[in-house]
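Sequential numbering from 131 applies to the sequence shown in our numbering.
We put the CB at the ideal spot given by N, CA and C, even for glycine.
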Amino acid sequence: MRVVVPWCRGAVIGILLTSILPFKHFRIKINIIDISMETFNDEFRRRTKTLALRIVRLYSRLGAKDESKIIGKQLLRSSTSMAANFRASCRARSEAEHYTKLCIVIEESDETLFWLELLEESGLINPGLIKDIKDESFSILQVLSKARKKLKK
């Protein structure tokens, strides 16, 4: 039996009733079968844009050293490109275009993570200031990499 549950943002839930003891007890197993592509896209449009905004604010807090500004500008470019390209992938005219844009998003996400690591490991910024940003960037990279693999199949 399939049921659409409104509080699950368009997810379709499969419910399997299995008897443990005949006619006395039932166990309910709930599997999330499908989360709509629209819900996924909305969530990741929001997440990539929020990450880019956080990095814009981080850039303004970097010191005046040339190294900080150069790495900071690279970080700004990669994070804003990630958000813009994900948005473009949602508006793709074909599956091939969507896949290509998603590949660019993954590259930019990985580059964003690289610049964050470089800032941290070079000692140009306090690691505590960017821990949450790094975690979010890594999370986005992981999820979108898995999504790309599913699209390729």
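Just checking: is the beta-carbon of residue i within a distance shorter than 8 Å of some beta-carbon in chain D?
| i | result |
| --- | --- |
| Phe244 | Among the chains in the structure shown there is no chain D, since it carries only a single protein chain. |
Please work out which residues of its chain come closer than 6 Å, Cβ to Cβ, to residue i, disregarding the five sequence neighbours upstream and downstream, and give them in chain order.
| i | result |
| --- | --- |
| Thr180 | none |
| Ala226 | none |
| Gln272 | none |
| Ala182 | Ser209, Thr210 and Ala213 |
| Asp196 | none |
Compute every distance between the C-beta of residue i and the non-hydrogen atoms of the ligand ZN, then say whether any falls below 7 Å.
| i | result |
| --- | --- |
| Arg223 | As far as ligands go, the structure on display features none, and thus does not contain the ligand ZN. |
Starting from the C-beta of residue i, find all residues in its chain whose C-beta is less than 7 Å away, skip the five residues before and the five after it, and write them out in chain order.
| i | result |
| --- | --- |
| Ala222 | His228 and Lys231 |
| Asn215 | Lys231, Ile234, Val235 and Glu238 |
| Gln285 | With the chain covering 131 to 283 only, the question about residue 285 has no answer from this structure. |
| Cys220 | Asn171 and Arg175 |
Are the CB atoms of residue i and residue j nearer to each other than 8 Å?
| i | j | result |
| --- | --- | --- |
| Leu243 | Ile201 | no |
| Ser208 | Glu251 | no |
| Ile270 | Leu188 | no |
| Ser198 | Leu254 | yes |
| Arg184 | Ile263 | yes |
Would you please state the rounded distance, in angstroms, between the beta carbons of residue i and residue j? I believe it to be under 8 Å.
| i | j | result |
| --- | --- | --- |
| Ala218 | Thr178 | With 8 Å as the limit, Ala218 and Thr178 do not qualify as a contact, their Cβ atoms being about 11 Å apart. |
Counting only the same chain and skipping the five closest in sequence on each side, list residues whose C-beta sits under 8 Å from that of residue i.
| i | result |
| --- | --- |
| Ala277 | Phe170 and Leu232 |
| Ser211 | Ile234 and Glu238 |
| Pro257 | Glu250 |
| Phe268 | Leu243 |
| Leu206 | Ile185, Val186 and Tyr189 |
4 or more residues per run - each alpha helix (DSSP H) lying fully within the stretch 192-254: 196-220 and 225-251
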